[in-house]
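Notes to accompany the following structure.
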Amino acid sequence: MTFARQTLRQALLAAVVLLLAVVPVPASAKDRSTASVSVSHSSLRKGELVWFKGRVTSKGKAVAGAKVYLDRQSRAGSAWRRAATLKTRKNGTFTYRQRVTKTTTYRARVASTKALRADVSPSRTVRVVKSDRTLADRAASIGKRLGKAKGKVRTVSSRSSTKVRYRNYSKMMLVEVAKPSSTRTWLVTGDIRTAYLRAGGPSGKLGRPLTDPKCGLLESGCVQRFAGGAIYDNKNTKGAVVYGKGRKTEVLAAARSQVGYAQKTFNHSKYNSWISSEGQPWCSAFMSWLSAASGNGDLIPKHKRLRHLVADLKENHASRFGSKPKVGALAFYDLTNDGVTKPTHIGIVLKVNSSRIVTIEGNTSNPATGNGRGVYEKNRAASFPLYYWYPEY
């Protein structure tokens, strides 16, 4: 009898322990988190960068590795939309930078975990104002972030009514663009500045910046447009330069930055991981990645497989197909000798040279060795593609 009671008692104790293990921790038992965020400027001109800095603490101590959502609101009462997903460092801090185009309110929101309660910081508003911005004014506004001045203010020789002056600093460069109607000063920084200087800076073929860089893109990427082209870089690449006009240069600069990337194993690339298509051919996923990575969203619609992209374009954008090669166009090929004519591969046109095109393609063989699969430039006959599709740049 005693043994039976002892066995029953042990069974009940085990059941209680198991129950406690599966019962979720009530919110009241979680540690409270506190989120804060500050902005570098409360007012800016359209197209200028704002820097964010925040911190997450709990019980007065820094919280490392906390997931933080930076939300934005375009006007009072409108829905909050996510601007970025960030993670705190060892000291509990997080940073971010974004180009503003209109007055926007921001907040930092800490994600709830098993041990930590969610929290929302006080909001911060960045107002966009319309007024001139001289080089001296912008330098004073950015302050120590620029670093030390390197040399004097220089003027670009030009007969145009647009006057350009610039000054290089140890960390950044400022370029003042004075038109008859307005004066603006743009910032060039990081690997983009390095590539810009290598290309001749404001006096070179790229010419003057059109705006500050657009940052916070995939892989911590940034892209910046200039009068004569664009430069793209991210944490895994150096600044890639493409000359030309329009938004297509942003997409092409992102494409050029990826040349030389090789897939890890067969049909397993970072583009597969991004679009959740592991084990599948990824030439189409690469095109969609370029659009998103360059800050152009679904300019090239996002699809896991080429056949789905083709179906979408034919159904919703049929008028944009053609037979003429153009820089920035998507080129569709039939590389399968199966007696059926249909696109099985895709690339983006980088250059058009008479009867030849230079493309950048993903999931293609290395032209130097004929082996492997990766991102490479290909030189093909302009008549080789089945057809072209022209994104609405």
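All the letters of the sequence shown, read from the start, carry residue numbers 0 to 392 under numbering that gives the first Met the number 0. Think of the CB as a built atom: it goes at the ideal place given N, C-alpha and C, for glycine as much as any other residue.
For Gly238, count the other beta carbons within 10 Å of its own beta carbon; 16 or more makes it buried, fewer makes it exposed. Which is it? The residue in question, Gly238, is buried, as its Cβ has 16 or more Cβ neighbours within 10 Å.
query = What three-state label does DSSP hand Ala317 in the structure shown?
reply = In this structure, Ala317 counts as helix in the three-state DSSP scheme.
Please classify Pro201: does DSSP put it in a helix, a strand, or coil? For Pro201, the secondary structure class from DSSP, reduced to helix, strand or coil, is helix.
Exercise. Figure out for me which residue from Tyr165, Arg116, Leu173 has the closest Cα to the Cα of Arg144.
Key: With distances taken between Cα atoms, Arg144 lies closest to Leu173.
Exercise. Starting from Asn378, follow its DSSP beta bridges and name the residues at the other end.
Key: Looking at the DSSP assignment, Asn378 forms a beta bridge with Val357.
Given this structure, state the Cα-to-Cα distance separating Lys263 from Gly220, to the nearest angstrom.
So the alpha carbons of these two residues sit roughly 22 Å apart.
Taking Gly146 as the reference, give the member of Val187, Lys323, Val36 with the closest Cα. When each option's Cα is compared against that of Gly146, the closest is Val187.
query: By how many angstroms is the C-alpha of Glu249 removed from the C-alpha of Ala291?
result: Each residue's alpha carbon lies about 11 Å from the other.
Cutting at 6 Å between CB atoms, please list the residues of its own chain near Arg31, excluding the five before and the five after it. If we look at Arg31 and ignore the five residues flanking it on each side, its Cβ neighbours are Arg116.
Between the beta-carbon of Ala330 and the beta-carbon of Thr363, is there less than 7 Å? No; because the gap between Cβ atoms is not below 7 Å, this pair is not in contact.
- Task: Determine the extent of the beta strand (DSSP E) in which Asn352 is found, giving its start and end residues.
- Result: Boundaries of the beta strand (DSSP E) around Asn352: 344-352.
Discussion item. So Val36 and Ala107 are supposed to be a Cβ contact under 8 Å. How far apart are they, rounded?
Written reply: Yes, Val36 and Ala107 are in contact; Cβ-Cβ is about 4 Å, under 8 Å.
Expected contact under 8 Å - CB spacing of Phe225 and Arg197 to nearest Å:
Between Arg197 and Phe225 the Cβ distance is about 13 Å, and since that is not below 8 Å, they are no contact.
List in chain order: all unbroken beta strand (DSSP E) runs of 3+ residues lying wholly within the segment 228-302. List check, beta strand (DSSP E) in window: 228-232, 239-242.
Can you pull the DSSP bridge partners for Asn167?
In the DSSP assignment, the residues bridged to Asn167 are Lys149, Met172.
What is the DSSP secondary structure of Asp131, counted as helix, strand or coil? Coil at Asp131, not helix or strand.
Pop quiz: Thr161 and Lys149 are said to be a contact at Cβ under 8 Å. What is the actual Cβ separation, rounded to whole angstroms?
Wrong, their Cβ atoms sit about 24 Å apart, outside the cutoff.
Query raised in the report: Alpha carbon to alpha carbon, how far is Gly259 from Ile345?
Result: In a straight line, the C-alpha of Gly259 is about 17 Å away from that of Ile345.
message = Please report the straight-line C-alpha distance between Val119 and Val62, rounded to a whole angstrom.
response = For Val119 and Val62, the distance between alpha carbons rounds to 15 Å.
**Euclidean distance between Cα positions of Arg158 and Asp131** = Approximately 22 Å between the Cα atoms of the pair.
Margin query: Can you tell me where the beta strand (DSSP E) holding Tyr105 begins and where it ends?
Written below: Counting along the chain, the beta strand (DSSP E) containing Tyr105 begins and ends at 103-109.
Requested in this report: Report yes or no: do three or more beta-carbon pairs, one from the segment 302-312 and one from the segment 337-344, lie closer than 8 Å?
Outcome: By the Cβ rule, the segment 302-312 counts as touching the segment 337-344, because three or more pairs are nearer than 8 Å.
What did DSSP end up calling Tyr386 once you bin it into helix, strand or coil? In the three-state scheme derived from DSSP, where H, G and I count as helix and E and B as strand, Tyr386 is classed as strand.
Using only the alpha-carbon positions, how far apart do Gly371 and Asn315 sit?
A straight line joining the alpha-carbon of Gly371 with that of Asn315 spans about 35 Å.
Item to complete: Under the assumption that Gln72 contacts Thr103 (Cβ atoms under 8 Å), give the Cβ distance between them as a whole number of angstroms.
Response: In this structure Gln72 is in contact with Thr103, their Cβ atoms being roughly 7 Å apart against a cut-off of 8 Å.
field: Residue interval of the beta strand (DSSP E) (run including Lys213)
entry: 213-216 is the extent of the beta strand (DSSP E) around Lys213.
Trp79: first and last residue of the uninterrupted beta strand (DSSP E) it sits in
Under the DSSP assignment, Trp79 falls outside any beta strand (DSSP E); it carries neither an H nor an E label.
- Would you tell me roughly how many angstroms separate the C-alpha atoms of Pro121 and Lys213, rounded to the nearest one? Here the alpha carbon of Pro121 sits roughly 25 Å from the alpha carbon of Lys213.
Using the three-state DSSP reduction, which class does Leu312 fall into: helix, strand or coil?
Helix, per DSSP.
Member of Thr236, Tyr231, Val240, Ser180 whose CA lies at the smallest distance from the CA of Lys204:
Ranking Thr236, Tyr231, Val240, Ser180 by Cα distance to Lys204 puts Val240 first.
Open item on the list: Quick check on the burial criterion: 16 or more other C-beta atoms within 10 angstroms. Buried or exposed for Asp70?
Closed with: Buried is the label assigned to Asp70, since at least 16 other Cβ atoms lie within 10 Å of its Cβ.
| task | Look at the Cβ atom of Ile356, then the Cβ atom of Arg379, and state whether they are nearer than 7 Å. | result | Yes, the pair counts as a contact, with Cβ atoms nearer than the cut-off.
Q) Where does Asp118 fall in DSSP's three states? A) In the three-state scheme derived from DSSP, where H, G and I count as helix and E and B as strand, Asp118 is classed as strand.
Straight-line Cα distance separating Gly327 from Val24
Its pLDDT being 49, under 50, Val24 is placed unreliably by the model, and nothing is read from it.
From His302 to Ser181, what does the alpha carbon distance come to, in whole angstroms?
Rounded to the nearest angstrom, the gap between the Cα atoms of His302 and Ser181 is 42 Å.
| query | Would you call Phe2 buried or exposed, if buried means 16 or more other Cβ atoms sit within 10 Å of its Cβ? | reply | Legend: pLDDT at Phe2 = 48, less than 50; position of this residue unreliable, value from coordinates given subsequently. Residue environment analysis places Phe2 among the exposed positions, since fewer than 16 neighbouring C-beta atoms fall within 10 angstroms of its C-beta.
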